[in-house]
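*Asks:* Residue numbers (the numbering used here), protein chains in the order written: chain A, 1 to 428; chain B, 429 to 856.
For each residue, glycine too, the CB sits at the ideal point set by N, CA and C.
The structure presented is a predicted model; accordingly, all values stated were derived computationally and were not measured.
This structure is in structure tokens; I'll ask about it shortly.
There are 2 protein chains.
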Amino acid sequence: MVIIGGGFGGLSAARGLRDAPVDITLIDRTNHHVFQPLLYQVATASLAPSDITVPIRWVLRAQENVRVLLGTVTHVDVAERTVRMDAEPHVVPYDYLVVATGARHAYFGNDRWAPHAPGLKTLDDAYEMRRRFLMAFEQAEAAVDEAERRALMTFVVVGGGPTGVELAGMLPDVSRALRRDFRNIDWTSLHVILIEGGDHVLPSFPAHLSARAKRDLEELGVEVRTNAFVTNIDARGVMVGDGFIPARTVFWAAGNRASPLGAGLSTDRDQAGRVPVLPTLQVAGHENVFVIGDMAAAVDVRGVTVPSVAPAATQMGNVAAQNIVRLIDRAGQPLERFQYVNKGELATIGRHRAVANFGGITMQGYLAWFLWLLVHIMYLVGFRNRAAVLLQWAYMYLTYQRGVRLITGSEAHGPPASGEWSLPEPPP
Amino acid sequence: MVIIGGGFGGLSAARGLRDAPVDITLIDRTNHHVFQPLLYQVATASLAPSDITVPIRWVLRAQENVRVLLGTVTHVDVAERTVRMDAEPHVVPYDYLVVATGARHAYFGNDRWAPHAPGLKTLDDAYEMRRRFLMAFEQAEAAVDEAERRALMTFVVVGGGPTGVELAGMLPDVSRALRRDFRNIDWTSLHVILIEGGDHVLPSFPAHLSARAKRDLEELGVEVRTNAFVTNIDARGVMVGDGFIPARTVFWAAGNRASPLGAGLSTDRDQAGRVPVLPTLQVAGHENVFVIGDMAAAVDVRGVTVPSVAPAATQMGNVAAQNIVRLIDRAGQPLERFQYVNKGELATIGRHRAVANFGGITMQGYLAWFLWLLVHIMYLVGFRNRAAVLLQWAYMYLTYQRGVRLITGSEAHGPPASGEWSLPEPPP
Numbered sequence: 001m002v003i004i005g006g007g008f009g010g011l012s013a014a015r016g017l018r019d020a021p022v023d024i025t026l027i028d029r030t031n032h033h034v035f036q037p038l039l040y041q042v043a044t045a046s047l048a049p050s051d052i053t054v055p056i057r058w059v060l061r062a063q064e065n066v067r068v069l070l071g072t073v074t075h076v077d078v079a080e081r082t083v084r085m086d087a088e089p090h091v092v093p094y095d096y097l098v099v100a101t102g103a104r105h106a107y108f109g110n111d112r113w114a115p116h117a118p119g120l121k122t123l124d125d126a127y128e129m130r131r132r133f134l135m136a137f138e139q140a141e142a143a144v145d146e147a148e149r150r151a152l153m154t155f156v157v158v159g160g161g162p163t164g165v166e167l168a169g170m171l172p173d174v175s176r177a178l179r180r181d182f183r184n185i186d187w188t189s190l191h192v193i194l195i196e197g198g199d200h201v202l203p204s205f206p207a208h209l210s211a212r213a214k215r216d217l218e219e220l221g222v223e224v225r226t227n228a229f230v231t232n233i234d235a236r237g238v239m240v241g242d243g244f245i246p247a248r249t250v251f252w253a254a255g256n257r258a259s260p261l262g263a264g265l266s267t268d269r270d271q272a273g274r275v276p277v278l279p280t281l282q283v284a285g286h287e288n289v290f291v292i293g294d295m296a297a298a299v300d301v302r303g304v305t306v307p308s309v310a311p312a313a314t315q316m317g318n319v320a321a322q323n324i325v326r327l328i329d330r331a332g333q334p335l336e337r338f339q340y341v342n343k344g345e346l347a348t349i350g351r352h353r354a355v356a357n358f359g360g361i362t363m364q365g366y367l368a369w370f371l372w373l374l375v376h377i378m379y380l381v382g383f384r385n386r387a388a389v390l391l392q393w394a395y396m397y398l399t400y401q402r403g404v405r406l407i408t409g410s411e412a413h414g415p416p417a418s419g420e421w422s423l424p425e426p427p428p
Numbered sequence: 429m430v431i432i433g434g435g436f437g438g439l440s441a442a443r444g445l446r447d448a449p450v451d452i453t454l455i456d457r458t459n460h461h462v463f464q465p466l467l468y469q470v471a472t473a474s475l476a477p478s479d480i481t482v483p484i485r486w487v488l489r490a491q492e493n494v495r496v497l498l499g500t501v502t503h504v505d506v507a508e509r510t511v512r513m514d515a516e517p518h519v520v521p522y523d524y525l526v527v528a529t530g531a532r533h534a535y536f537g538n539d540r541w542a543p544h545a546p547g548l549k550t551l552d553d554a555y556e557m558r559r560r561f562l563m564a565f566e567q568a569e570a571a572v573d574e575a576e577r578r579a580l581m582t583f584v585v586v587g588g589g590p591t592g593v594e595l596a597g598m599l600p601d602v603s604r605a606l607r608r609d610f611r612n613i614d615w616t617s618l619h620v621i622l623i624e625g626g627d628h629v630l631p632s633f634p635a636h637l638s639a640r641a642k643r644d645l646e647e648l649g650v651e652v653r654t655n656a657f658v659t660n661i662d663a664r665g666v667m668v669g670d671g672f673i674p675a676r677t678v679f680w681a682a683g684n685r686a687s688p689l690g691a692g693l694s695t696d697r698d699q700a701g702r703v704p705v706l707p708t709l710q711v712a713g714h715e716n717v718f719v720i721g722d723m724a725a726a727v728d729v730r731g732v733t734v735p736s737v738a739p740a741a742t743q744m745g746n747v748a749a750q751n752i753v754r755l756i757d758r759a760g761q762p763l764e765r766f767q768y769v770n771k772g773e774l775a776t777i778g779r780h781r782a783v784a785n786f787g788g789i790t791m792q793g794y795l796a797w798f799l800w801l802l803v804h805i806m807y808l809v810g811f812r813n814r815a816a817v818l819l820q821w822a823y824m825y826l827t828y829q830r831g832v833r834l835i836t837g838s839e840a841h842g843p844p845a846s847g848e849w850s851l852p853e854p855p856p
């Protein structure tokens, strides 16, 4: 059988099949699992990429019935029961299939905004955000023109969900840590704006926590604009309704679109491109195909719409694994119907505040932040990462120094100088 | 005054001018100083990039008389006394100039080899080596063709100096740590070949240490070929004399070429593009221009040719700084003539062996390795990095696990799938 995707859903499905009589092929586009809930910390130069990633092979090293392949799946043929990929062995047949390829950020049909407002789904996205964030200060330090300097010191985050709130909340804090290093920057001109189309930030949280999050953000110096709609984004800035915000750095945390592999699985997809699944997580008409995680439009057995969060993906992976075992058994045992267990919601705001909601029990401020810290470290995959992240955070909070302020990639250097200095870049 | 380059030489010159009545502008192509002697550990997925780098601004944060600019210097005009760069402010005038832009690897006129045999001078180089090293195993794991699989498991390192020896020595060790994660690979087919044109590896070391290093490498499983000349490198492998070695992964550690900025400083350059300097480290005819580090062809006051190593660059930076102070003083004090203090040479071979030479006192094996560890940690710039590297190494040596096995960059993923999944890459 084949699992596509090594995120929370795919890994959980693989682990759930540990003792099953199956030969699993897990295919991922990268060699690493990313702990996505902490990606924003890499994007804001607070954690190193290796702190929140772990090789997929390493996670599954002890599980004898899995082989891991690195490559991009280009097509699923449900009639032929094969998966096509861009690397050897190119075609992989399956009897059972779990699709867990997640979602990408999307721009509500405005793909031309993409170059000006990167989103945050993969580690490469986080590198790109980090590069832009740090480069804005480098350029502001050297900028001669006053208007240009103000635009460089303006950071706009589009989208008031957890990712947007967490990104926006980190920007003033991390900028504060950089103050001593940049001498020409007028730090009073630092302007972080969070734009949300709805009435509240963190719309999935209870109203009083949304209000608290807004107040916390404002105390950190973030301007929060609700009921505000982005109508255009270009290299100069963001148009919000009729008003233009000159800004060189815009981050996108507003919309998602499920992996395009869904097109091969079902003609019936929702507006975010997600594949509707039965409560058993099967695709209607294909009892051997399961779709889980952010790629699935799932309504659980009680009628609850399953949110696109890591715990839901993990739980779905488990249920898909159990159902595959039952199908293989052919003992006629009815398949399990997915019931989402909401373990609670957490979002941090800046350095030591958070809001938390556990089925009606709510928390805010420092206590919620501490809880957030514990939960995230507990869930980080792999011992090493847990220890490294804890140390990194401890060091960060004690010293305010950012050890991971790397600007990398050829774009960080500007165009190469002429002559033998600029050797041609090796091709893939 | 202007310092170009934030490596060992440039930083040492800046620090040496800490109390001098000068306004220093330090320009670098990147925002970070790299601890180059440990770059090979990043290339072999043993250390994280942030472990061996530190922001240049952070190093100089307390030094009031330095401003740091990020950008590539494209031209030095010694008549006009200006430096041109690709970022604001584009033109920087100077009264005194220190050029410390180092060297790049070079292919003895065979630049077409570059795409097939990357060298190791910058952090981006190390990312590229790491990507190729790890991708070779990923591809070998999936490869169907037996000859292709053998070529993927063959790693050729060209150049038997310290960098080549250290790279080649790490490859069998790191590969060993990966064994459990790759199930299809026939590890007996792993073939690491070190190619050196001269009689001995580590030619700058005493003969018995060179012999010891060769024996150590061979015990680790490295095939050492001396008196062997590379006549061609292409995508299929390496031609050595008349024999062809099919190999998908070739690393270049054989030749250097100084930064092309030298062309603007002097018409008289040596065959590696380095600028000859007076014992005072000035360029003949330009008493206000100093060239230091790997970019300088320097013979010290005793007639010793100064080697291209980090301690020499640091010492030269110090002397250049002192001489600038004396020139500014105008007290007629004669300039200091550079005398290179050879603090010794160290090279590690694999996991716990090294050879060391301290002015005739030589060491080898485990003791030399331990010394190497101490020296390198001692010299790492910045406390955080020292602690992080020590922890990382301790963890690595205890568990053999590699936490930094990240394959990143778009090339790691293969070509993107069609459809909305592949958003256009944001431009610079």
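1. Taking A/W113 as part of the beta strand (DSSP E), name the residues at either end of that continuous run.
2. What does a CB cutoff of less than 6 Å around B/V650 pick up in its chain, not counting 5 residues either side in sequence?
3. Assuming A/Q364 is part of the beta strand (DSSP E), what are its boundary residues?
4. Alpha carbon to alpha carbon, how far is B/R489 from B/H460?
5. Of all Cβ atoms in chain A, is any one closer than 9 Å to the Cβ of B/S474?
6. Where do the ends of the alpha helix (DSSP H) carrying B/I756 lie?
7. Flag this pair as touching only if the stretch 268–280 of chain A and the stretch 73–80 of chain A have three or more C-beta atom pairs under 8 Å; answer yes or no.
8. Does A/T280 pass the burial test, meaning 16 or more other C-beta atoms within 10 Å, or should it be called exposed?
9. For A/Q401, does the count of other Cβ atoms within 10 angstroms reach 16, so buried, or fall short, so exposed?
10. Is the CB of A/A417 under 9 Å away from at least one CB in chain B?
11. Identify, in the order they occur along the chain, each residue of the same chain with its Cβ nearer than 8 Å to the Cβ of B/V668, setting aside the five sequence neighbours on each side.
12. Taking the straight line between their C-alpha atoms, what separation do you get for B/M429 and A/A147?
13. What beta strand (DSSP E) runs, 3 residues minimum, are completely inside the stretch 27–89 of chain A?
14. Return the residues of the stretch 173–195 of chain A that lie within a Cβ-Cβ distance of less than 9 Å from chain B, sorted by chain order.
15. For B/L630, count neighbouring C-beta atoms within 10 Å of its own C-beta (all shown protein chains included) and say buried if the count is 16 or more, exposed if not.
16. Alpha carbon to alpha carbon, what distance is there between A/A207 and A/Q490?
17. Alpha carbon to alpha carbon, how far is B/F583 from B/Y524?
18. Got a sec: is the Cβ-Cβ distance from A/S6 to anything in chain B below 9 Å?
19. With 7 Å as the C-beta to C-beta threshold (strictly closer), list the residues of the stretch 474–493 of chain B near chain A in chain order.
20. From A/N7 to B/P590, what does the alpha carbon distance come to, in whole angstroms?
21. Tell me the DSSP bridge mates of A/R257?
22. At a Cβ threshold of 9 Å, is A/M1 touching chain B?
23. Flag this pair as yes or no: are the beta carbons of A/G160 and A/G197 separated by less than 9 Å?
24. What are the boundary residues of the beta strand (DSSP E) that A/H200 is part of?
25. Residues in the same chain with beta-carbon distance under 6 Å from A/P311, minus the five sequence neighbours each way, listed in chain order, please.
26. Three-state secondary structure (DSSP) at A/L97?
27. In whole angstroms, what separates the C-alpha of B/V519 from that of A/P55?
28. With respect to the beta strand (DSSP E) encompassing A/D234, which residues constitute its N-terminal and C-terminal limits?
29. So who's on the other strand from A/T305, going by DSSP bridges?
30. Using a Cβ-Cβ cut-off of less than 8 Å, give me the residues of the stretch 756–780 of chain B that come near chain A, in sequence order.
31. Alpha carbon to alpha carbon, what distance is there between A/F251 and B/G713?
32. Below 8 Å on the Cβ atoms is my guess for B/A641 versus B/A775; work out the distance and round it to an integer in Å.
33. Give the straight-line distance between the Cα atoms of A/R236 and A/A103, rounded to the nearest whole angstrom.
34. Would A/V66 and A/T25 qualify as a contact pair, given that the criterion is a beta-carbon distance under 9 Å?
35. Under 9 Å between the Cβ atoms of B/G692 and B/H503?
36. Run the CB neighbour count on A/W372, radius 10 Å, all protein chains shown included, and call it buried at 16 or more, exposed below.
*Replies:* So, to answer that:
1. Residue numbering aside, residue 113 of chain A sits at position 113 when the first sequence is read from its first letter. Per DSSP, A/W113 is not a residue of any beta strand (DSSP E), being assigned neither H nor E.
2. As a working note, residue 650 of chain B is residue 222 in the second sequence. So the list reads A596, V620 and L622, once near-sequence residues are dropped.
3. As a working note, residue 364 of chain A is residue 364 in the first sequence. For A/Q364, the uninterrupted beta strand (DSSP E) segment begins and ends at I361 to Q364.
4. Residue 489 of chain B sits at position 61 when you count from the first residue of the second sequence. Residue 460 of chain B sits at position 32 when you count from the first residue of the second sequence. Approximately 13 Å between the Cα atoms of the pair.
5. Here the question's residue 474 of chain B lines up with position 46 in the second sequence. Interface flag for B/S474 against chain A is unset, since no Cβ pair is found closer than 9 Å.
6. Taking the first residue of the second sequence as position 1, residue 756 of chain B is located at position 328. Counting along the chain, the alpha helix (DSSP H) containing B/I756 begins and ends at A738 to D757.
7. Judged by Cβ distances under 8 Å, the stretch 268–280 of chain A makes no contact with the stretch 73–80 of chain A, as fewer than three pairs qualify.
8. Stepping through the first sequence from its first residue, residue 280 of chain A is reached at position 280. By the 10 Å Cβ count, A/T280 comes out buried.
9. For this step, residue 401 of chain A is matched to residue 401 along the first sequence. At A/Q401, the pLDDT of 45 sits below 50, so the modelled position is not reliable; the number obtained from the coordinates is stated separately. Looking at its Cβ environment, which holds 16 or more other Cβ atoms inside 10 Å, A/Q401 is buried.
10. For the purposes of this step, residue 417 of chain A is identified with residue 417 of the first sequence, where counting begins at 1. Legend: pLDDT at A/A417 = 28, less than 50; position of this residue unreliable, no value from coordinates given.
11. Stepping through the second sequence from its first residue, residue 668 of chain B is reached at position 240. Result list for B/V668: I623, R653, A656, F657, V658 and T659, in chain order.
12. By one-based count along the second sequence, residue 429 of chain B stands at place 1. By one-based count along the first sequence, residue 147 of chain A stands at place 147. Across the structure, B/M429 and A/A147 are spaced so that their CA atoms are roughly 28 Å apart.
13. DSSP assignment within the stretch 27–89 of chain A yields the following whole beta strand (DSSP E) runs of 3 residues or more, N-terminal first: 32–34, 53–55, 66–70, 73–77 and 82–85.
14. Listed by position along the chain: L178, R180, D181, F182, R183 and N184.
15. Translated into the one-based positions of the second sequence, residue 630 of chain B becomes position 202. B/L630 is buried by the Cβ-count criterion.
16. Residue 490 of chain A cannot be examined here, being either before or after the span of chain A that is shown, 1 to 428.
17. For the purposes of this step, residue 583 of chain B is taken as the residue at position 155 of the second sequence. For the purposes of this step, residue 524 of chain B is taken as the residue at position 96 of the second sequence. Between the alpha carbons of B/F583 and B/Y524 lies a gap of roughly 46 Å.
18. Position 6 of the first sequence, counted from the start, is the residue given in the question as residue 6 of chain A. Correcting the residue identity first, residue 6 of chain A is Gly in this sequence and not Ser. Not closer than 9 Å to any Cβ of chain B, the Cβ of A/G6 fails to qualify, so no.
19. Look at the stretch 474–493 of chain B: the residues with a C-beta under 7 Å from a C-beta of chain A are A476, P477, S478, T481, P483, R485, W486 and R489.
20. Against the first sequence, residue 7 of chain A aligns to sequence position 7. Against the second sequence, residue 590 of chain B aligns to sequence position 162. Residue identity check: residue 7 of chain A is Gly in the sequence provided, not Asn. Cα to Cα, A/G7 sits roughly 40 Å from B/P590.
21. The residue given as residue 257 of chain A occupies position 257 in the first sequence. According to DSSP, which records beta bridges pairwise, A/R257 is partnered with A/R104.
22. By one-based count along the first sequence, residue 1 of chain A stands at place 1. Chain B contact via Cβ: absent.
23. Reading the first sequence from its first residue, position 160 is the one you call residue 160 of chain A. Reading the first sequence from its first residue, position 197 is the one you call residue 197 of chain A. Yes, these two residues count as a Cβ contact at 9 Å.
24. Numbered from 1 along the first sequence, position 200 holds the residue referred to as residue 200 of chain A. Neither: A/H200 is in no beta strand (DSSP E) and is coded neither H nor E.
25. If you number the first sequence from 1, residue 311 of chain A lands on position 311. The beta carbon of A/P311 lies closer than 6 Å to those of K343 in the same chain, with the five residues before and after it left out.
26. Position 97 of the first sequence holds residue 97 of chain A. Here A/L97 sits in strand by DSSP.
27. Looking up residue 519 of chain B in the second sequence gives position 91. Looking up residue 55 of chain A in the first sequence gives position 55. Looking at the backbone, the Cα of B/V519 and that of A/P55 are separated by about 46 Å.
28. Translated into positions along the first sequence, residue 234 of chain A becomes position 234. In the DSSP assignment, A/D234 falls within the beta strand (DSSP E) that extends over V230 to D234.
29. For this step, residue 305 of chain A is matched to residue 305 along the first sequence. A/V299, per the DSSP bridge assignment.
30. Along the stretch 756–780 of chain B, none of the residues has a CB nearer than 8 Å to a CB of chain A.
31. Looking up residue 713 of chain B in the second sequence gives position 285. Looking up residue 251 of chain A in the first sequence gives position 251. Their Cα atoms are separated by approximately 52 Å.
32. Walking along the second sequence from the start, residue 641 of chain B turns up at place 213. Walking along the second sequence from the start, residue 775 of chain B turns up at place 347. Indeed they touch by this definition, with Cβ atoms about 7 Å apart.
33. The count along the first sequence starts at 1 and reaches residue 236 of chain A at position 236. The count along the first sequence starts at 1 and reaches residue 103 of chain A at position 103. A direct Cα-to-Cα measurement between A/R236 and A/A103 gives close to 28 Å.
34. Position 66 of the first sequence, counted from the first residue, corresponds to residue 66 of chain A. Position 25 of the first sequence, counted from the first residue, corresponds to residue 25 of chain A. Their beta carbons are under 9 Å apart, which means A/V66 touches A/T25 by this criterion.
35. Translated into positions along the second sequence, residue 692 of chain B becomes position 264. Translated into positions along the second sequence, residue 503 of chain B becomes position 75. Judged by their CB atoms, B/G692 and B/H503 are nearer to each other than the 9 Å cut-off.
36. In the first sequence, residue 372 of chain A corresponds to position 372, counting from 1. With 16 or more Cβ atoms within 10 Å of its Cβ, A/W372 is classed as buried.
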